[in-house]
Every structure is written in structure tokens, then in C-alpha cells.
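Report on the following structure.
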Amino acid sequence: MKKIYLNHDGNVDDLVSLLLLLRMPDVKLIGVGAVGADSYVEPAVSASRKIIDLFGADQGLEVAQSDSRPVHQFPKEWRLSAFSFDDFPILNEHGDPKTPQAPLAAHDDLREKVLAADEPVTLVMTGPLTDLARALDDDPTIVTKIDRLYWMGGTMNDQGNVAEPEQDGTMEWNAYWDPEAVKTVWDSSLDIVMVGLESTDQVPLTRELRQHWASLRRFPAFDLIGQGYSLVHSFEANSIYYLWDVLTTMVSRYPELVTTKQVTGDVLTEGPGAGRTFLTPTGRPITLVTGVHGDAFFKQIDDLVMNQ
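Residues in the sequence shown are numbered from 1051 upward in steps of one, following this note's numbering.
Right, here's the structure in full:
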């Protein structure tokens, strides 16, 4: 039984990732933390609690709210989706959420749950690395209790998705949100699997995929997935939307869905390239996802949703 802790930043892809983890066989989700990066944190926590109510109420989970703050904040327009997701009727027909909010802030919750686990824990992080960096600062020994980190963040080809003043466009948003946190985590001995922007070219959000989910809305999980992605439109980011976070989540349980290569990399923390992850022979080892078996990826999602 693989034990996983999920730390996410509350947008549609993150919340769908939580749903899928709750459906995975041979996975024990031991904790969930939400940070207000690509979302506002209160609706992200609320929606997470409601998803657990609907799809994992028997798992004894609680959701921790992060108090981490950004160096660079995501655009407000992107973050608003969490409010709409939290308002979906399918999540609210039974009233207020029953899944409790954790008493600790997310970085403390992560640290305590990892230390309390009876075997090494897999971390899945689909947002910034700040909560993990803070946990490492508080107790560096937690690295001995972490099997591997799967992170959706960064890019190794200098083609970022940040278009902000006084930066050079080479960085990805989760890294740009807090470059120092990336550096803290990368300077640790953690085994890191990185799903960067370039890792997901074979899993775009297409009109055909939306229609596929719509045709399966008789399954409550697909109903929620379809509603969630109805909030996502590529023109908001001025680019194609890919299933970045969902891919990261799926790879944590089904590594055979992707191809990878070993690289060495580092991150800039200052200047117009702050947050840029880059290849360098003097960097730390990273397992970089380089390709996706697209058909198998989408079939595995279908199987999780329909066969559980």
C-alpha cells in the first residue's frame, strides 16, 4: 500500500488530482494540504473537504490550510476558479462539509504526518514547494521519511508560462511563486520526479476530451471532472491548457504511463530569471518526465473513475 501526502494549490487540476487519488487502489492518502497560490485558500480547502466527503469519506482524512505567502502571486483571474468549484451543486447538496479541517497549518501538518507514518511517504505536490521547504527548515530529518517527491513545476527548456513585468519569461508559475522554496527543496537529498511544462504536450485539454467526459456524466466523479474543466479556458493563460497536475498525480501511482530521463538541474532565485529551473552538469539529480503514453493515460483515468 503506497502512502501519499498531497499538497496542492487549489485550482481545477489540483482538485481533480485529489479526486483521482481517492479512487486509486493500493493507495492510502494520509494527508491533504492546500495553499492559496493558483487559487484562494479558503475555497480550495472547502472544496477539498467536500470532495473527500463525496469520494473518500471512509478514509479518515482532514485538510490542512496553508499560511504560506508568495514572493510572486498568481494572476487574480486564474485564482477565482476555486470559488466556482466550491459552489458546484454536486459538492453542496448534503450541506456543510463533514471532513474536518486540520488543526495545524499545512507545512506543520505535512511534517507531522510524514514523521508519524510507519513507512516512507510519497509526496505529490501540484503547486509551489513552499510548505515542503518550511517543513524541511523546521526539521531536516523528514527527508528520511519521504520516499520520493513528485512535483508539477518548472521547465527545462526556458519556455515558461509567466508573463509579468521585470521577468524574462523563462520560468513556470509554481517555481516563480517562491523561487527560494524550490532552491531549499532542490538542495535537499530528496528523490525528485519533475513534471515540467514540456512534460505534458501529449495530454492537452481538447474539445473532444470535454465531450468524452460529458458523455460519461452519469458517473458522479466524471460529472464533477467535467464541471470542473468547464471553468478552464485556454485564452485565460494565452496558451493551450494541459493536464499538468493530473499527470503528476497519475505518475505517482502509474509510472509506466510516462518516459523519463535523468538530468541534473538548478534554479535561479534572483533577478529577471528568478524561478527559472535549468539544466547544468553541476546541478542536483532530477528524474524529468519527457513523454506521456497519451492513450494509456486517458484510459487509466477512465478505469479509475468507472471501475471503483
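Beta carbons: idealized from backbone N, C-alpha and C, even for Gly. Computed from a predicted structure; not experimentally measured.
Collapsed DSSP secondary structure at residue i in the structure displayed
| i | result |
| --- | --- |
| Phe-1138 | coil |
| Ala-1114 | strand |
| Gly-1278 | helix |
| Asn-1288 | Any reading at Asn-1288 needs caution, since the residue's pLDDT is 48, under 50, leaving its predicted position unreliable; the model's value is listed next. Three-state result, Asn-1288: coil. |
| Gly-1323 | helix |
| Gln-1252 | coil |
| Arg-1334 | strand |
| Val-1121 | coil |
| Phe-1269 | coil |
Alpha helix (DSSP H) segment containing residue i, residue limits
| i | result |
| --- | --- |
| Asp-1063 | 1062-1073 |
| Thr-1298 | 1294-1303 |
| His-1359 | No statement about residue 1359 is possible, as the shown extent of the chain runs from 1051 to 1358 and does not include it. |
| Asp-1088 | Counting along the chain, Asp-1088 falls outside any alpha helix (DSSP H), and DSSP gives it neither H nor E. |
Option nearest residue i by Cα separation, candidates the options
| i | options | result |
| --- | --- | --- |
| Thr-1234 | Thr-1330, Gly-1325, Thr-1149 and Met-1206 | Gly-1325 |
| Phe-1272 | Thr-1337, Asn-1357, Gly-1344 and Ala-1155 | Asn-1357 |
| Val-1164 | Met-1300, Tyr-1055 and Phe-1138 | Tyr-1055 |
| Gln-1020 | Leu-1297, Leu-1240, Val-1317 and Thr-1340 | Look at the range of the chain in this structure, 1051 to 1358, and you will see that residue 1020 is not part of it. |
| Ser-1118 | Ala-1084, Ala-1107 and Ile-1102 | Ala-1084 |
| Pro-1125 | Leu-1338, Glu-1230 and Trp-1223 | Trp-1223 |
| Gln-1102 | Asp-1137, Leu-1141 and Ile-1196 | For the sequence presented, residue 1102 should be read as Ile rather than Gln. Per the Cα distances, Leu-1141. |
Short CB-CB distance (under 7 Å) between residue i and chain C
| i | result |
| --- | --- |
| Leu-1160 | Reference to chain C is not applicable here, since this structure consists of a single protein chain. |
Segment limits, beta strand (DSSP E) that includes residue i
| i | result |
| --- | --- |
| Lys-1316 | According to the sequence as given, residue 1316 is Asp; it is not Lys. From DSSP, the beta strand (DSSP E) with Asp-1316 extends over 1308-1317. |
| Leu-1247 | Per DSSP, Leu-1247 belongs to no beta strand (DSSP E) and is neither H nor E. |
Sufficient close CB pairs (3 or more, under 8 Å) joining the stretch 1066-1077 to the stretch 1185-1199
Output reads no: the stretch 1185-1199 does not touch the stretch 1066-1077.
Counting only runs that start and end within the stretch 1124-1188, where is the beta strand (DSSP E) found for 3 or more residues in a row?
1171-1175
Completely contained alpha helix (DSSP H) runs for the stretch 1185-1243, where each covers 4 or more residues:
1223-1227 and 1229-1236
Is there contact here, the stretch 1306-1314 with the stretch 1323-1337, by at least three beta-carbon pairs under 8 Å?
yes
Sufficient close CB pairs (3 or more, under 8 Å) joining the stretch 1160-1175 to the stretch 1247-1263
no
Should the stretch 1333-1343 be regarded as contacting the stretch 1264-1283, the criterion being three or more beta carbon pairs within less than 8 Å?
no
Is it a yes or a no for the stretch 1053-1072 touching the stretch 1087-1098, going by three-plus beta-carbon pairs under 8 Å?
yes
Using 8 Å as the threshold, is the stretch 1196-1209 in touch with the stretch 1166-1176, meaning 3 or more CB pairs across them?
yes
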